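The numbering of the sequence shown is this note's numbering, which starts it at -17 and goes up by one.
Written out below as structure tokens is the structure these notes cover.
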Amino acid sequence: MSKLCLCLTAKTIQRNLEILSKYRKFTDLAELRVDCLDPDERLYIRRFPELAGLPVILTIRRDVDGGHFTGGEGARVKLLANGLAYANTDSRYNYAYVDIEDDFEVPSLEEAARTFGTKIIRSCHSLNGFIENIPKKMRTMQRSGDEIVKIAVAVKSANDVLQVLKASKKIIAHNKILICMGHYGIYSRVLADRFGSYLSYASALSESEVPGAPGQMDICELAELYRVQRITNKTKVYGLIGYPLKASVSPWFFNTIFSLENTDAVYVPFPTDSINDILEITEGLDVKGLSVTVPYKEAIIPKLIKSSEIVQAIGACNTLSRIDEGWYGDNTDCGGFSESLLHFINRKNLKYLKTTIVGAGGVARSVASEIHRLGGKALILNRTVYKAKNIASKYSFKWGGLDNQGIEMMSKFNDIIIQTSSVGMEGYEASDPLDLYSFTGDEVVMDLIYVPPVTPFLRRAMSAGCKTFNGYDMVIRQACMQYANFTGTEIPQKILSQINTTGANAWNKIRSA
Ligand code: ATR
-17 MSKLCLCLTA KTIQRNLEIL SKYRKFTDLA ELRVDCLDPD ERLYIRRFPE
33 LAGLPVILTI RRDVDGGHFT GGEGARVKLL ANGLAYANTD SRYNYAYVDI
83 EDDFEVPSLE EAARTFGTKI IRSCHSLNGF IENIPKKMRT MQRSGDEIVK
133 IAVAVKSAND VLQVLKASKK IIAHNKILIC MGHYGIYSRV LADRFGSYLS
183 YASALSESEV PGAPGQMDIC ELAELYRVQR ITNKTKVYGL IGYPLKASVS
233 PWFFNTIFSL ENTDAVYVPF PTDSINDILE ITEGLDVKGL SVTVPYKEAI
283 IPKLIKSSEI VQAIGACNTL SRIDEGWYGD NTDCGGFSES LLHFINRKNL
333 KYLKTTIVGA GGVARSVASE IHRLGGKALI LNRTVYKAKN IASKYSFKWG
383 GLDNQGIEMM SKFNDIIIQT SSVGMEGYEA SDPLDLYSFT GDEVVMDLIY
433 VPPVTPFLRR AMSAGCKTFN GYDMVIRQAC MQYANFTGTE IPQKILSQIN
483 TTGANAWNKI RSA
């Protein structure tokens, strides 16, 4: 079980104490980042552990290591000595840990720390280049058995994270902290325990102070949503693979359910640039189930050991469950989409209705297959026309490009318009993929995107008087199906109603925080 460490980066001692008191209930220990304090405030660091009333790490991070300390090494040693001076026989009044770097050479200071029970965290921060042999580096860093060795590497790909994970498995012998800094490594902070890390650092991001390090997550998010302090090797891990993964409700949805049910499980985002690497990582982390999103719904298929009939028929997969031999693939987008659309238009099928599908990626495959199953007819328009043709010809649908010619064809397919492309999604360009089309106001318009809740496309449809809705309802419906797929049980109705009543509001609150 990893501890949660609140990184304090305010300019004054007083402000740090205020932040600590606000988040104390989530905090196992705090790190005082002396380098972030105003110079005058640095004179008062000695009493901080006593004022904080919990174990504190004393850290003065240099600018070369990603911190803010720009004075010389002599000044830094003096400050560290100030922090450790006048040690009390009651160790609660001393710093519990001091973070000193791999290249720090002041044996007397280390000796003084040890004498009064201050543990040494021996750290190495690699911001620009990857550390090739992490186990070797850790072995050479550790100067005595009681030190905690910390390596924080800026990761630029899933492969970098994979190397860190492999290293963590090789060095099980001693206390260590391994952090993958940056977006690709976000799950190393949630699953710190699986990475063999003694602790996970977090920031109070809703305060105005700077985050302690790139990719550091909010303490409330780590403690409340991901329940990091409860994760052990028995916790069932599920997650979501895709990129950039900045616009998904799933972590909130699944973790809220696990928490309401008091289930020992967690759902984690796994942003990735490589399917092979993320599959190796999730196997290494003993992940039991995965949701798949943009842009991997089609590319994942060759990696599956088995798949459902629907995946084989439409060529898109958004749900992976772990079976003995590997991954079993299923598709819950189909069911989620049709349930959501039929509910909105209050019908049981799509007979006599003509639809335009915008986009021809993985999710468009599910949409097209369901429209066909429900007796509807469709026109598929996509930037890359051959992809629209590939899907359309399976169902004798029409196809075209997002150009004048394609738009002209829409006059016969405009009962319902379904936007499935990633245009307008947070993290992608905020334009309107159908800007050449003028809405009549009679269309039913669905945008599968729900972050932001209203895309430029949906806003234009609303202004024209169309009946509009976004993909939030669909994603919740498909996630319920995914839950059943992952766990073999349905979400209890009582819990689902709790989520449905407070869900959209709570989710929007998280989004706007
Ligand atoms: P998903 O699995 O969610 O469907 P995807 O397979 O990556 O995601 O598909 C993304 C869709 O958004 C595709 O239809 C893509 O069009 P192309 O096939 O031409 O790539 C569409 N898309 C992405 N960016 C676009 C843009 N700037 N303009 C128009 N369409 C775009």
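Every residue, glycine too, gets a C-beta built ideally from N, C-alpha and C.
What you are looking at is a predicted structure, and each value in this text was computed from that prediction instead of being measured.
Q145: buried (16+ other C-beta within 10 angstroms of its C-beta) or exposed? buried
Just the C-alpha distance for D72 and E32, rounded to the nearest angstrom, thanks. 10 Å
Start-to-end residues for the alpha helix (DSSP H) that takes in I168: 168 to 172
Are there any heavy atoms of the ligand ATR lying less than 6 Å away from the beta-carbon of A342, as far as the coordinates show? yes
N(-2) in three-state terms, based on DSSP: helix
Chain-order list of residues whose beta-carbon lies under 8 Å from that of S375 (same chain, five-residue window excluded): W381
Looking only at its chain, what residues have a beta carbon closer than 6 Å to the beta carbon of G164, apart from the 5 residues adjacent to it on each side? A136, V137, P196, G197
Which residue or residues does DSSP assign as beta-bridge partners of H107? A134
Cβ-heavy atom distance between T(-6) and the ligand ATR below 6 Å? no
Expressed to the nearest angstrom, what Euclidean distance is found between the alpha-carbon atoms of N237 and A247? 8 Å
Check: R459 C-beta below 6 Å from any heavy atom of the ligand ATR: no
Relative to the C-alpha of L222, which residue among C202, V192, N157, L302 is closest? L302
Between D312 and P37, what straight-line distance do the alpha-carbon atoms span, to the nearest angstrom? 47 Å
Taking the straight line between their C-alpha atoms, what separation do you get for P277 and T314? 16 Å
If the criterion is Cβ atoms closer than 7 Å, does the pair G194 and S185 meet it? yes
Identify whether V16 lies in helix, strand or coil by the three-state DSSP scheme. helix
Please return the same chain residues whose Cβ sits closer than 8 Å to the Cβ of Q480, not counting the five positions on each side in sequence. L242
Is the beta carbon of P474 within less than 6 Å of some heavy atom of the ligand ATR? no
Does the distance from the C-beta atom of V80 to that of L40 stay below 7 Å? yes
So for F235, helix, strand or coil by DSSP? helix
Going by DSSP, name the residue or residues bridged to F451. M428
If you drop the 5 nearest sequence neighbours on each side, which residues of the same chain put their C-beta closer than 6 Å to that of L109? G48, A136
Any idea what DSSP makes of T314, helix, strand or coil? coil
Less than 7 Å between the C-beta atoms of S322 and M456, yes or no? yes
Heavy atom of the ligand ATR less than 6 Å from the Cβ of T100, yes or no? no
Endpoints, alpha helix (DSSP H) assigned at F30: 30 to 34
Continuous alpha helix (DSSP H) assignments of at least 4 residues falling wholly in the stretch 175 to 218: none
Taking buried to mean at least 16 other C-beta atoms within 10 Å of its own C-beta, is M(-17) buried or exposed? exposed
Measuring only from the beta carbon, is S403 closer than 6 Å to any heavy atom that is part of the ligand ATR? yes
Out of V250, K132, F319, K279, point me to the one whose CA is closest to L207's CA. V250
Quick one: what's P251 bridged to in DSSP? L222
On the DSSP letters alone, give me the boundaries of the beta strand (DSSP E) that K371 sits inside. Careful: K371 lies outside any beta strand (DSSP E), inside the alpha helix (DSSP H) at 367 to 376.
If you follow the alpha helix (DSSP H) that N64 is in, where does it begin and where does it stop? 55 to 66
Which value, in whole angstroms, describes the spacing of the CA atoms of N386 and D417? 10 Å
I287, buried or exposed, once every other Cβ within 10 Å from all chains shown has been counted against 16: exposed
For a test of your reading of the model: does the CB of N372 fall under 6 Å from any non-hydrogen atom of the ligand ATR? Yes or no. no
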